[in-house]
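Worksheet: one structure, shown below.
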Amino acid sequence: MLKAPQTRDPFAGDGFAGAVVEWFVETGRHDLPWRQTADPYAILVSEIMLQQTQVATVLERGYFTRWLERFPDPAALAAAAEPEVLKCWEGLGYYNRARNLQKAARALIEEHGGSFPGELDKIRALPGVGRYTAGAIASIAFGRAAAVVDGNVVRVFARLFDFREAVDTPAAQKRFWEWAERLVPENRPREYNAGLMELGQRVCLRTSPACLACPVADWCAATDPAALPIKNGGPKTVFVTERVLFAVRDGRLLLERESGSRRRGLWKLPALPEDFAGEAPPVMLETKYSITHHRVDLIVQGWAGDPTGLSAGPNPVESEGELAWFDLQTEVPAIAMPSPYRRAVETILARQKA
DNA sequence: GATGCGTGGTC
DNA sequence: TGACCAAGCAT
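This note's numbering applies: residue 1 is where the first sequence begins, and numbers increase by one.
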């Protein structure tokens, strides 16, 4: 990697922040829908959606715009029924984000009289809002000089300060926050924070950083930027098999609602017991999906036409949650299902139609 | 402080 | 193609 040596100190004066701000003002993505608004609620929605989720996913699949059309303000979201809230979130994952967003809307109504607080600690107290999100809202929506540290900032800082230790430790995170607090400027913190993150997203790339195009290369101490940041990594992938039932009766599909988990309130194909071998319904579909550090082999079993096997003998369903039948035409499309099950159902239905 | 959480994209 | 990752948070 070709990269000029460091010649300037990020902490000396406001040159570093000024360079980030200038770069953002001149070349930033000002067309993003959440940059077309000054509404703190809309900024909150965007920041929650963007947690651990790529810009392209939120943007191209229309989640942000659709959400604001359906829930244009905290009052609309606070008054909504949770199933509809989850349905609007379907496919984004981390469904507690949607539930917390509604809790936050209710807190805005009930504890703040419907007006959005501009103080960092009050923003931070909203459900689902952690240190990053609070800083992002305070700076972007209110112009406060609050720091942000996300995955992009970690990568930029690891290189800027040539940080050759693991970044995914509490001690390292503490240092990144200290650096962020020291560097965030009183002048134009909105453009600085947005620019710092966008720099990580578009220039300070993970595997091939574009140092020749970087506006802060003069301040960067890294000699081998592509080797940073260093991570310990998470747990190893666990491979599991999941057998579920596809049962249709009178045009209605049997689904199970998860109860205790964080996918609570979402509907899935009911689980079949592991040892359900002898009289098991035939395999209709086998597919794979990943969830956190699990790699799941999803096997859908059932009777395409005549589900007599379902009513014969004991209930073949191993269920921890509530079971219910949903009309395939009208109800199944309207309820919230995790993506793997949604895809499986649609694949099977399309196959039967053909 | 470690762990669990959803999904889609990337190389 | 499998491991890694992306605008983190709550418990």
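Think of the CB as a built atom: it goes at the ideal place given N, C-alpha and C, for glycine as much as any other residue.
Nearest to V167 (by Cα), restricted to the options K87, I230, T330: Position 167 of the first sequence, counted from the first residue, corresponds to residue 167. Closest option to V167, Cα to Cα, is I230.
Residue range of the unbroken alpha helix (DSSP H) whose run includes D121: Reading the first sequence from its first residue, position 121 is the one you call residue 121. In the DSSP annotation of this structure, the continuous segment of the alpha helix (DSSP H) that includes D121 starts and ends at 120-124.
Neighbour-count burial assignment, L272, 16 or more Cβ in a 10 Å radius: As a first step, residue 272 must be located in the first sequence, where it is residue number 272. That one is buried.
Validate contact between the region 177-191 and the region 138-146 using beta carbons, cut 8 Å, 3 pairs: yes
Buried versus exposed call for V240 [16 or more other C-beta atoms within 10 Å across all chains shown]: Locating residue 240 in the first sequence gives position 240, counting from the first residue. It counts as exposed.
At least 3 beta-carbon pairs within less than 8 Å: the region 14-22 vs the region 192-199: Judged by pairs of C-beta atoms under 8 Å, the region 14-22 touches the region 192-199, as three or more such pairs exist.
Touching by the beta-carbon criterion (3+ pairs, under 8 Å), the region 54-66 and the region 95-108: Touching, no, given that fewer than three Cβ pairs across the two stretches are closer than 8 Å.
Whole-angstrom distance between E165 and A4, CA atom to CA atom: On the first sequence, position 4 is the one that residue 4 refers to. On the first sequence, position 165 is the one that residue 165 refers to. Distance between the alpha carbons of A4 and E165 is about 22 Å.
Three-state secondary structure assigned by DSSP to Q301: As a working mapping, residue 301 is identified with position 301 in the first sequence. Correct three-state label for Q301: strand.
Identity of the residue in I48, D14, V238, K87 nearest R264 by Cα: In the first sequence, the residue the question calls residue 264 occupies position 264. Of the candidates I48, D14, V238, K87, the one whose C-alpha sits nearest the C-alpha of R264 is K87.
Segments assigned alpha helix (DSSP H), at least 4 residues, entirely inside the region 131-156: DSSP runs (the alpha helix (DSSP H)) wholly in the region 131-156: 131-140.
Length of the line joining the Cα atoms of G135 and I48: If you number the first sequence from 1, residue 135 lands on position 135. If you number the first sequence from 1, residue 48 lands on position 48. Their Cα atoms are separated by approximately 12 Å.
Close-in-space but distant-in-sequence residues of the same chain around F11 (CB under 8 Å, 5 per side omitted): The residue given as residue 11 occupies position 11 in the first sequence. Counting only Cβ-Cβ distances below 8 Å, and skipping sequence neighbours, we find R182, L183.
Beta-carbon gap between L101 and G118 smaller than 8 Å: If you number the first sequence from 1, residue 101 lands on position 101. If you number the first sequence from 1, residue 118 lands on position 118. No. Outside cutoff.
Distance, E322 Cα to S259 Cα: In the first sequence, the residue the question calls residue 259 occupies position 259. In the first sequence, the residue the question calls residue 322 occupies position 322. Going from the Cα of S259 to the Cα of E322 covers about 8 Å.
CA-to-CA distance, R343 to A350, given in whole angstroms: Numbered from 1 along the first sequence, position 350 holds the residue referred to as residue 350. Numbered from 1 along the first sequence, position 343 holds the residue referred to as residue 343. Each residue's alpha carbon lies about 10 Å from the other.
Spatial distance of T330 from L253 (CA atoms): On the first sequence, position 330 is the one that residue 330 refers to. On the first sequence, position 253 is the one that residue 253 refers to. The straight-line gap from Cα to Cα measures roughly 11 Å.
Reduced DSSP secondary structure (H/G/I, E/B, other) of V296: Along the first sequence, one-based indexing puts residue 296 at 296. The answer is strand: DSSP assigns V296 an E or B state.
Distance, S339 Cα to L255 Cα: To locate residue 255, count along the first sequence from 1; it is residue 255. To locate residue 339, count along the first sequence from 1; it is residue 339. For L255 and S339, the distance between alpha carbons rounds to 14 Å.
Of the listed residues G91, A38, A217, T53, nearest to A138 (C-alpha basis): Counting from one through the first sequence, the residue named residue 138 turns up at place 138. The candidate whose alpha carbon is nearest that of A138 is A38.
Rounded Cβ spacing between P355 and Q301 (contact assumed at less than 8 Å): The structure shown does not extend to residue 355, since the chain spans only 1 to 354, so no value can be given for it.
Neighbourhood of G13 by C-beta, 7 Å cutoff - its chain only, sequence neighbours within 5 removed: As a first step, residue 13 is located in the first sequence; it is residue number 13 there, counting from the start. Answer for G13: no residue qualifies.
Check: V283 C-beta below 7 Å from any heavy atom of the ligand NAD: The model depicted lacks the ligand NAD and carries no ligand whatsoever.
Start-to-end residues for the beta strand (DSSP E) that takes in K288: Here residue 288 refers to the residue found at position 288 when the first sequence is read from its first residue. Residues 283-291.
Residue environment, D121, which counts as buried when at least 16 other CB atoms sit within 10 Å: Position 121 of the first sequence, counting from 1, holds the residue named residue 121. Burial call: exposed.
Coil, strand or helix - E242 by DSSP: Within the first sequence, residue 242 is the residue found at index 242, counting from 1. It is a strand residue.
Cutoff 7 Å; reference V154; Cβ partners in own chain excluding five residues on either side: Translated into positions along the first sequence, residue 154 becomes position 154. Excluding positions up to five away in sequence, the list reads V167, F176, P229.
Between the CA atoms of A324 and S115 - distance to the nearest angstrom: Reading the first sequence from its first residue, position 115 is the one you call residue 115. Reading the first sequence from its first residue, position 324 is the one you call residue 324. Computed Cα separation, rounded: 40 Å.
Beta-bridge partners of R252, as assigned by DSSP: Along the first sequence, one-based indexing puts residue 252 at 252. DSSP lists R249, D327 as partners of R252.
Beta-carbon proximity of P225 to P209, cut-off 8 Å: On the first sequence, residue 225 is found 225 positions in, with the first residue counted as 1. On the first sequence, residue 209 is found 209 positions in, with the first residue counted as 1. Yes. Within cutoff.
Sequence ranges, alpha helix (DSSP H) only - wholly within the region 13-89, length at least 4: Taking only runs of at least 4 residues, the alpha helix (DSSP H) segments lying wholly in the region 13-89 are 15-27, 40-49, 55-60, 63-70, 74-79, 82-89.
Own chain, CB closer than 8 Å to E82, minus 5 neighbours either side, in chain order: As a first step, residue 82 is located in the first sequence; it is residue number 82 there, counting from the start. For E82, where only same-chain residues beyond five positions count, the Cβ hits under 8 Å are R99, Q102, G265.
Same chain only: Cβ atoms within 7 Å of T308, ignoring 5 sequence neighbours per side: Position 308 of the first sequence, counted from the first residue, corresponds to residue 308. The predicted position of T308 is uncertain, since its pLDDT is 45 and thus under 50; no value can be drawn from it.
Which listed residue (P170, A171, E178) has its alpha carbon closest to that of V148: Residue numbering aside, residue 148 sits at position 148 when the first sequence is read from its first letter. Closest by alpha carbon: E178.
Three-state secondary structure assigned by DSSP to I230: Here residue 230 is taken as the residue at index 230 of the first sequence, counted from 1. Reduced to three states, the DSSP call for I230 is strand.
R159 versus Y94, A227, T287, Q36, residue with shortest Cα-Cα distance: Looking up residue 159 in the first sequence gives position 159. That would be A227, whose Cα lies nearest to the Cα of R159.
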